[in-house]
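Chains A and B supply the protein sequences, listed in that same order.
For the first sequence, position 75 (counting from the first letter as 1) is numbered 74 according to numbering that gives the first Met the number 0, and the numbering increases by one without interruption.
For the second sequence, position 80 (counting from the first letter as 1) is numbered 79 according to numbering that gives the first Met the number 0, and the numbering increases by one without interruption.
Here is the structure we will look at, set down as structure tokens.
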Amino acid sequence: MLRPLALPFPIEEPTRKAYELLEKVPKGGVIVLVSDEGFPSWAELGPGEIAVYRHAFRKVKQDGCKVIMLTCYEIAGMILGERALSYVDLTGLKYGEDWVQLGFIPGYEAVLAGMIKDLKSIAPVDKFGTPTKDIPMLKNINSIDDYDFLYACTYTAMDVYIRQWGEAALARGVPIVINMLSGTVPLAMPYYRAGTLSAYLNSVIGGAGYEMLIGQPGMGVALLDAQSTAHLLAIGLIIFVQGIFTVRFMTRRR
Amino acid sequence: MEFDWGTAIEMSLVLMAWSLLYRDNILYRIAENLTVGWFMAMSLVVGLDILKSRVYTPLIIRGEWLSPTLIVTILGLLYLLRLLPETRWLARWPISFMAGVASAVAVKGVIYAQIIRLVTMKSWAVGGLESINNIIIATFTFTGLCYFIFTREHKGVLGALAGFGKYALMICFGWTAGTYLMSLISMSVGHMQTLMQVPGIYVSMLGVIILIIGIIYDRIKISKT
Numbered sequence: 000m001l002r003p004l005a006l007p008f009p010i011e012e013p014t015r016k017a018y019e020l021l022e023k024v025p026k027g028g029v030i031v032l033v034s035d036e037g038f039p040s041w042a043e044l045g046p047g048e049i050a051v052y053r054h055a056f057r058k059v060k061q062d063g064c065k066v067i068m069l070t071c072y073e074i075a076g077m078i079l080g081e082r083a084l085s086y087v088d089l090t091g092l093k094y095g096e097d098w099v100q101l102g103f104i105p106g107y108e109a110v111l112a113g114m115i116k117d118l119k120s121i122a123p124v125d126k127f128g129t130p131t132k133d134i135p136m137l138k139n140i141n142s143i144d145d146y147d148f149l150y151a152c153t154y155t156a157m158d159v160y161i162r163q164w165g166e167a168a169l170a171r172g173v174p175i176v177i178n179m180l181s182g183t184v185p186l187a188m189p190y191y192r193a194g195t196l197s198a199y200l201n202s203v204i205g206g207a208g209y210e211m212l213i214g215q216p217g218m219g220v221a222l223l224d225a226q227s228t229a230h231l232l233a234i235g236l237i238i239f240v241q242g243i244f245t246v247r248f249m250t251r252r253r
Numbered sequence: 000m001e002f003d004w005g006t007a008i009e010m011s012l013v014l015m016a017w018s019l020l021y022r023d024n025i026l027y028r029i030a031e032n033l034t035v036g037w038f039m040a041m042s043l044v045v046g047l048d049i050l051k052s053r054v055y056t057p058l059i060i061r062g063e064w065l066s067p068t069l070i071v072t073i074l075g076l077l078y079l080l081r082l083l084p085e086t087r088w089l090a091r092w093p094i095s096f097m098a099g100v101a102s103a104v105a106v107k108g109v110i111y112a113q114i115i116r117l118v119t120m121k122s123w124a125v126g127g128l129e130s131i132n133n134i135i136i137a138t139f140t141f142t143g144l145c146y147f148i149f150t151r152e153h154k155g156v157l158g159a160l161a162g163f164g165k166y167a168l169m170i171c172f173g174w175t176a177g178t179y180l181m182s183l184i185s186m187s188v189g190h191m192q193t194l195m196q197v198p199g200i201y202v203s204m205l206g207v208i209i210l211i212i213g214i215i216y217d218r219i220k221i222s223k224t
């Protein structure tokens with residue numbers, strides 16, 4: 000962190016796919032951003048979250064897209080979603096016409112299921128108490144038929160989103176992109192191969208790759224150097240300790 | 000440039016929590032209690048806000064009595080009766096309702112997305128490393144499941160499969176521990192980055208000074224006893 004090593008890193012194929020899918024959202028399309036990360040996972044998921052938010056709001060400015068933000072797992076997600084939003088330049092954008100923040104809607108899986116059929120029933124008011132039926136942007140947006148991109152950032156099980164969005168999104172060609180911890184990526188691989196999950200961001204490396212793709216390197220790229228070095232140290236220590244253990248074990252046997 | 004007090008307080012709390020690595024101390028206990036208290040306060044505020052917007056406003060302000068909100072509110076209030084021994088049994092109704100709804104919502108999505116789509120997936124032999132990957136996944140899954148067959152003794156073919164499954168499970172648990180360690184390292188690296196920048200660097204310097212004073216004080220105390 001004091002002297003960046005600028006270690007090279009590849010941009011993974013799912014990260015490129017996530018970028019292309021968001022870039023392909025048509026003019027006036029609706030982008031749904033669900034922030035369900037927790038405070039412990041901000042370091043891993045934050046870079047990707049900020050990069051996706053920046054990209055989404057760039058689409059709002061360039062192509063007149065609309066953004067719906069919500070949280071359904073825990074309050075921390077709403078706070079961190081707001082934190083990611085603070086990194087976005089909202090100049091010229093109007094709340095209620097270009098983007099809307101529905102806040103924390105308790106219910107988790109029931110909320111994810113409900114937003115597919117009737118968004119206004121699970122979110123009668125937005126974060127600020129305004130009835131959603133009175134928000135100009137949401138007049139014609141209410142179900143999966145009106146969404147063009149589904150994004151979720153989660154530090155728990157990602158199969159909840161696949162379960163509730165998978166069938167409906169697949170039938171209507173709506174891509175699902177999930178930003179997840181590296182530990183849960185192997186669990187997501189079957190869904191990615193089956194096509195139910197369109198793309199994913201693999202924690203910090205996915206976030207760093209996304210930052211490079213949108214041309215705004217930030218926290219992810221900076222963290223990757225330090226994280227790679229820390230992991231190399233961990234591997235070195237494991238090999239060192241195992242070596243000592245093996246030598247002691249073999250000398251004791253003699 | 001305005002001093003970022005929010006980040007300074009955040010990093011102070013991080014360092015106060017990390018001070019446990021040295022020893023239990025009052026700064027750690029302050030950070031611990033502040034965190035618990037803040038979480039509870041935040042949950043209470045958001046909970047009250049949701050009750051106001053989802054229950055009070057529709058029922059009392061708008062007078063929408065004939066709506067599902069009334070039924071859900073009654074179920075929620077029944078849950079509170081768990082606190083009294085005489086009415087504890089009434090709390091089973093909202094618990095059963097929630098368990099039933101949660102199961103129904105989950106099962107509805109499982110059948111297509113998690114069973115049909117995966118079973119009909121045509122990517123077993125895609126060529127190259129992907130096929131080897133699929134074979135490893137299938138072998139580890141099968142042998143791991145063989146390990147958990149307790150109705151027969153692990154002898155012969157089953158014994159060999161279960162033995163291989165035992166090592167497969169050990170590899171998987173080691174991987175789980177490794178990824179958990181990685182996520183903890185990432186969290187620490189994220190905090191370290193903030194501690195190296197303004198205003199975190201000032202907090203770090205102050206933290207180092209307090210640590211040095213603490214070490215000197217402990218040494219003096221030990222030498223006196």
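Where is the CB? At the ideal position from N, CA and C, for every residue including glycine.
Treat the numbers as computed from the prediction; the structure is a model and nothing was measured.
Environment of residue i [buried if 16+ CB atoms lie within 10 Å]
i: Leu69 (chain A); result: buried
i: Met169 (chain B); result: exposed
i: Gln163 (chain A); result: buried
i: Pro185 (chain A); result: exposed
i: Gly80 (chain A); result: buried
i: Gly36 (chain B); result: exposed
i: Lys132 (chain A); result: exposed
i: Ala55 (chain A); result: buried
i: Trp4 (chain B); result: exposed
i: Asp147 (chain A); result: buried
i: Ile121 (chain A); result: buried
i: Gln241 (chain A); result: exposed
i: Tyr209 (chain A); result: buried
i: Pro46 (chain A); result: buried
i: Asp125 (chain A); result: buried
i: Val118 (chain B); result: exposed
i: Gly172 (chain A); result: exposed
C-beta neighbour in chain B for residue i, strict 9 Å
i: Ile213 (chain A); result: no
i: Pro163 (chain A); result: Contrary to the premise, residue 163 (chain A) reads as Gln rather than Pro in this sequence. Taking Cβ atoms only, chain B reaches closer than 9 Å to Gln163 (chain A), which makes this a yes.
i: Ala156 (chain A); result: no
i: Ser181 (chain A); result: yes
i: Leu169 (chain A); result: yes
i: Phe103 (chain A); result: yes
i: Gly45 (chain A); result: yes
i: Thr195 (chain A); result: yes
i: Arg192 (chain A); result: yes
i: Gln241 (chain A); result: no
i: Gln100 (chain A); result: no
i: Gln61 (chain A); result: no
i: Gly128 (chain A); result: yes
i: Ile260 (chain A); result: Since the first residue shown for chain A is 0 and the last is 253, residue 260 (chain A) is missing from the structure and cannot be characterised.
Proximal residues to residue i (C-beta, below 7 Å), its chain only, five neighbours per side dropped
i: Asn141 (chain A); result: Asp117, Leu118 and Lys119
i: Gly206 (chain B); result: Leu14
i: Glu96 (chain A); result: Pro135 and Met136
i: Leu111 (chain A); result: Cys71, Val159, Tyr160, Gln163 and Trp164
Residues near residue i in its chain [Cβ-Cβ closer than 8 Å; skip 5 each side]
i: Ser203 (chain B); result: Met10, Leu14, Leu194 and Met195
i: Thr2 (chain B); result: Per the sequence shown, the amino acid found at residue 2 (chain B) is Phe instead of Thr. The answer, listed in chain order, is Pro198.
i: Arg151 (chain B); result: Leu157
Near the ligand COA: residue i beta-carbon under 8 Å from a heavy atom
i: Ala75 (chain A); result: Among the components modelled here there is no ligand, and therefore nothing to report on the ligand COA.
9 Å Cβ cutoff, residue i in contact with chain A
i: Val45 (chain B); result: yes
i: His190 (chain B); result: yes
i: Thr86 (chain B); result: no
i: Ser187 (chain B); result: yes
i: Pro93 (chain B); result: no
i: Ile184 (chain B); result: yes
i: Ser42 (chain B); result: yes
i: Gly108 (chain B); result: yes
i: Tyr55 (chain B); result: no
i: Met169 (chain B); result: no
i: Tyr216 (chain B); result: no
i: Cys35 (chain B); result: Here residue 35 (chain B) turns out to be Val, not Cys, going by the sequence shown. So, not an interface residue.
i: Val104 (chain B); result: yes
Same chain only: Cβ atoms within 6 Å of residue i, ignoring 5 sequence neighbours per side
i: Gly219 (chain A); result: Pro46, Val203, Gly206, Ala207 and Glu210
i: Leu212 (chain A); result: Tyr18
Legend entry - Stretch-stretch touch, CB-based, cutoff 8 Å, three pairs: the segment 151-163 of chain B with the segment 9-18 of chain A: no
Inset, instruction - Scan the segment 25-108 of chain B and note each continuous alpha helix (DSSP H) run of 4 residues or more that stays entirely inside, going in chain order. - result: Restricted to the segment 25-108 of chain B, the alpha helix (DSSP H) segments that are unbroken, complete and at least 4 residues in length are 25-50, 67-79 and 91-108, listed in chain order.
Legend entry - Validate contact between the segment 177-194 of chain B and the segment 187-197 of chain A using beta carbons, cut 8 Å, 3 pairs: no
Inset, instruction - Could you say if the segment 152-172 of chain A and the segment 32-44 of chain A meet the contact criterion of at least three C-beta pairs nearer than 8 Å? - result: yes
Inset, instruction - Decide yes or no for the touch test of the segment 61-76 of chain A against the segment 19-33 of chain A: beta carbon pairs closer than 8 Å, at least 3 of them. - result: yes
Legend entry - Meets three-Cβ-pair contact criterion under 8 Å: the segment 165-177 of chain A and the segment 199-208 of chain A: yes
Legend entry - Residue ranges of each alpha helix (DSSP H) within the segment 144-215 of chain B, 4 or longer: 155-194
Inset, instruction - Would you mind listing the alpha helix (DSSP H) stretches within the segment 170-197 of chain A that are 4+ residues and don't spill past its ends, in chain order? - result: 184-193
Inset, instruction - Kindly provide the ranges of any beta strand (DSSP E) runs that are 3 or more residues long and lie completely inside the segment 139-168 of chain A, ordered along the chain. - result: 148-153
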